[in-house]
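J.:
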Amino acid sequence: MAVNCKKPWGYQWRSSKSFIIFIIVLALFADTFLYGFIVPILSYMLEVRLNIDPSRTQDLSSSLLSIHGFVALVSAPIVAHFADKTPNRKIPLLIALAACAIGTVLVACTPSLWGLFAGRMLQGAAGCATWIVGFATLVDNVGTDKIGQTMGLSMSFVMAGVVLGPVVAGSLLQLIGYWATWSVPLLIICFDIIARLLMIEGKKQSEERHDQSLNQPADTPADEQTSLLQPSESSRQSSSVDEPAKADVEKPASSRGFYLTTLSDIRVVVGLASVLTMSSIICAFDATLPLHLRKIFNWGSLPVGMTFLALQIPVMLLGAASGWLRDRVGLKYPTAIGWALQAPLIWLMGVPGDSHFPWAGADNNGQAIFVSAIVGVGTASTLIRGAGVLQMTMVVTELQTKNPKIFGEHGGNSRISSMTEVAFSLGMVIGPAVSGALTELIGYYYMSFVFCALSVILAFSTFLVFDDKRPAERPEDV
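Counting with full-length UniProt numbering, you get residues 1 to 478 for the letters of the sequence shown.
(1) So, is D286 buried or exposed, given that buried needs 16 or more other C-beta atoms within 10 angstroms?
(2) Between L122 and G103, is the Cβ-Cβ spacing less than 7 Å?
(3) Which first and last residues belong to the alpha helix (DSSP H) in which residue 482 is found?
(4) With H, G and I counted as helix, E and B as strand and the rest as coil, what does DSSP make of N403?
(5) For A368, count neighbouring C-beta atoms within 10 Å of its own C-beta (all shown protein chains included) and say buried if the count is 16 or more, exposed if not.
(6) What is the residue span of the alpha helix (DSSP H) that H292 lies within?
(7) With a cut-off of 8 Å on the beta carbons, I'd call V270 and L263 a contact; round off their distance for me.
(8) Which stretch, first to last residue, makes up the alpha helix (DSSP H) that contains T307?
(9) What residues in its chain sit with their C-beta under 6 Å from that of T277, if we drop five residues either side in the sequence?
(10) What's the call for H81, buried or exposed, on a 16-neighbour Cβ count within 10 Å?
(11) Counting C-beta neighbours from all protein chains within 10 Å, is the total for G10 16 or more, i.e. buried, or is it exposed?
(12) CA-CA distance, L50 and P185?
(13) Among the residues of its own chain, which have a CB less than 7 Å from the CB of D219, if the five just before and after it don't count?
(14) Taking the C-alpha atoms as reference points, what is the distance between L272 and K7?
(15) How big is the Cα-Cα spacing for G36 and G165?
(16) Quick check on this structure: which residue in V133, I313, G69, S301 has the alpha carbon closest to the alpha carbon of I374?
(17) Quick check on L289: buried or exposed, where buried means 16 or more other Cβ atoms within 10 Å of its Cβ?
(18) Taking only the alpha-carbon atoms, compute the straight-line gap between G161 and L34 and give it to the nearest angstrom.
(19) From V304 to L464, what distance separates their C-alpha atoms?
(20) DSSP three-state call for G119: helix, strand or coil?
(21) Measure how close the beta-carbons of S425 and A72 come, nearest whole angstrom, since I'm counting them as under 8 Å.
(22) Beta-carbon within less than 7 Å of L46's beta-carbon, same chain only, minus the 5 sequence neighbours each way: which residues are those?
(23) Over the uninterrupted alpha helix (DSSP H) stretch that includes L46, give me the two end residues.
(24) Roughly how far, in whole angstroms, is the beta-carbon of P432 from the beta-carbon of S66, given that I think they are within contact range, below 8 Å?
(25) Report the three-state DSSP secondary structure of N365 (helix, strand or coil).
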């Protein structure tokens, strides 16, 4: 008997790939916006609202930024484990949004330091879940031959959150005050709630993660998510007799086997190192630039916010072009060139205000040199950002093409996203902690030199290891 199942309102566009990608990009934008939002107003929150001694501002700023990454680092494997076992991406995204909303309200309203740390911890866990589930959903909905361009364009919009967060916070705090400033992230969260409630996962993506056609019991009724023609018992027995070798090859790997398999590939290791180092550098800027610029140029929250805008605008404008380039020539050359260009520019950022370079003081050329260097770093980083995770995704796709069941029924996209999130979160811990400590101990100039040296190492590593073929030209796809 036929069952007349009425589709929900707007099913066609609410379940389309384009709309789902839009929702995920919006979710990632909201997370990056909220992370960067606190950066230029953190000193105000600590010194004015919580009456903390200014001498503790640098240490507490580094700790508050690091705790976000530490919580994400701890929660990433747990989130990925459950994300790869659920066929529905919408529910984890809604749970993450609820945690993010609670954390944001706590950060804005708390009168105590422990409440501020608790709010940041909630934001860290929510952001971790959003990135793992969101990135896995993007990979599910993007073809291999267009992944670089699509991810580049998507990340351009996501990076707009990194840009707008500090700019909006710094500007509004100076223009309209503290409480009105927090109305912006709360409005973004409300809009995100509406968007995520509208999302309906497409049938194809749901089936790919939850294909039960070969494992469903005989007494289970067929529905629109399962095949009406189940393979017979005799055909399954015939297949098991005729193809024993294939059954052995396609035996799913455990979670432990997944990590051992992927980490045994040097491309994955260098990809993780690329993600970790880039995350450390960006988060080091968040932890040290506001106080450093106040010290050498006497800049307030508004010009500091504009500085982060100068860092991120090239990423927004050139992200799609960078993705297009990767799709055409592969990852090796663009990524290695990006790291090589970024190294001297990071060193140059530490020159203004240092006693070794009197010609780059605050009263003469220092400001022009610093702004030029930070725009250059932003431009070079467009060739680096996302390259590590793309390389890791290509390795997993390559392995799954050779053996579709190697990583289990639902594949390994969530777990590769988890590895990326762990590396990025570790950078969020290391970057602020190390940069803050080095700035206090040996000065901002030598801290910049350390990150310059790391960039040189990554330039050589990515040149030696990363793929030099675009995804569509890899042998297993031909």
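Note that the Cβ used here is the ideal one computed from N, Cα and C, for glycine as well.
T.: The structure says:
(1) Indexing the sequence shown from 1 puts residue 286 at position 286. When all chains shown are included, D286 counts as buried.
(2) Here residue 122 refers to the residue found at position 122 when the sequence shown is read from its first residue. Here residue 103 refers to the residue found at position 103 when the sequence shown is read from its first residue. Yes, the Cβ-Cβ distance between L122 and G103 is below 7 Å.
(3) The requested residue 482 does not occur in the structure, where the chain is confined to residues 1 to 478.
(4) Counted from its first residue, the sequence shown places residue 403 at position 403. Per DSSP, reduced to three states, the secondary structure at N403 is coil, with no helix or strand assignment.
(5) Counting from 1 along the sequence shown, the entry for residue 368 is found at position 368. Around the CB of A368, fewer than 16 other CB atoms lie within 10 Å, so the residue is classed as exposed.
(6) On the sequence shown, residue 292 is found 292 positions in, with the first residue counted as 1. Run containing H292: 266-297, per the alpha helix (DSSP H) assignment.
(7) For the purposes of this step, residue 270 is identified with residue 270 of the sequence shown, where counting begins at 1. For the purposes of this step, residue 263 is identified with residue 263 of the sequence shown, where counting begins at 1. About 11 Å; that fails the 8 Å criterion.
(8) One-based indexing of the sequence shown puts residue 307 at position 307. Run containing T307: 301-329, per the alpha helix (DSSP H) assignment.
(9) Position 277 of the sequence shown, counted from the first residue, corresponds to residue 277. Excluding residues within five positions, the ones whose Cβ falls inside 6 Å are L454, L458.
(10) The residue given as residue 81 occupies position 81 in the sequence shown. H81 should be labelled exposed.
(11) The residue labelled residue 10 in the question sits at position 10 within the sequence shown. Its Cβ having fewer than 16 others within 10 Å, G10 is exposed.
(12) Here the question's residue 50 lines up with position 50 in the sequence shown. Here the question's residue 185 lines up with position 185 in the sequence shown. Near 21 Å, if we compare the C-alpha coordinates of P185 and L50.
(13) Within the sequence shown, the letter at position 219 stands for residue 219. Its pLDDT being 41, under 50, D219 is placed unreliably in this model, and the value from its coordinates should be taken loosely. There are no such residues.
(14) Residue numbering aside, residue 272 sits at position 272 when the sequence shown is read from its first letter. Residue numbering aside, residue 7 sits at position 7 when the sequence shown is read from its first letter. Rounded to the nearest angstrom, the gap between the Cα atoms of L272 and K7 is 42 Å.
(15) Taking the first residue of the sequence shown as position 1, residue 36 is located at position 36. Taking the first residue of the sequence shown as position 1, residue 165 is located at position 165. Going by the C-alpha atoms only, they are around 5 Å apart.
(16) For this step, residue 374 is matched to residue 374 along the sequence shown. For the residues V133, I313, G69, S301, the minimum Cα distance to I374 belongs to I313.
(17) Counted from its first residue, the sequence shown places residue 289 at position 289. Buried, since its Cβ has 16 or more Cβ neighbours within 10 Å.
(18) Locating residue 161 in the sequence shown gives position 161, counting from the first residue. Locating residue 34 in the sequence shown gives position 34, counting from the first residue. A straight-line Cα-Cα distance of about 8 Å links G161 and L34.
(19) Stepping through the sequence shown from its first residue, residue 304 is reached at position 304. Stepping through the sequence shown from its first residue, residue 464 is reached at position 464. In this structure, the alpha-carbon of V304 lies about 37 Å from that of L464.
(20) Residue numbering aside, residue 119 sits at position 119 when the sequence shown is read from its first letter. Here G119 sits in helix by DSSP.
(21) Counting from one through the sequence shown, the residue named residue 425 turns up at place 425. Counting from one through the sequence shown, the residue named residue 72 turns up at place 72. Rounded, the Cβ-Cβ distance is 4 Å, consistent with contact.
(22) The count along the sequence shown starts at 1 and reaches residue 46 at position 46. Here L46 has I52, T57, L60 as same chain residues with Cβ atoms under 7 Å from its own Cβ, once five neighbours each way along the sequence are excluded.
(23) One-based indexing of the sequence shown puts residue 46 at position 46. For L46, no alpha helix (DSSP H) segment is defined, and its DSSP state is neither H nor E.
(24) The residue given as residue 432 occupies position 432 in the sequence shown. The residue given as residue 66 occupies position 66 in the sequence shown. At roughly 5 Å, the Cβ-Cβ gap stays under 8 Å, so P432 and S66 are in contact.
(25) Against the sequence shown, residue 365 aligns to sequence position 365. In the structure shown, N365 sits in coil (DSSP, three-state: anything other than H, G, I, E or B).
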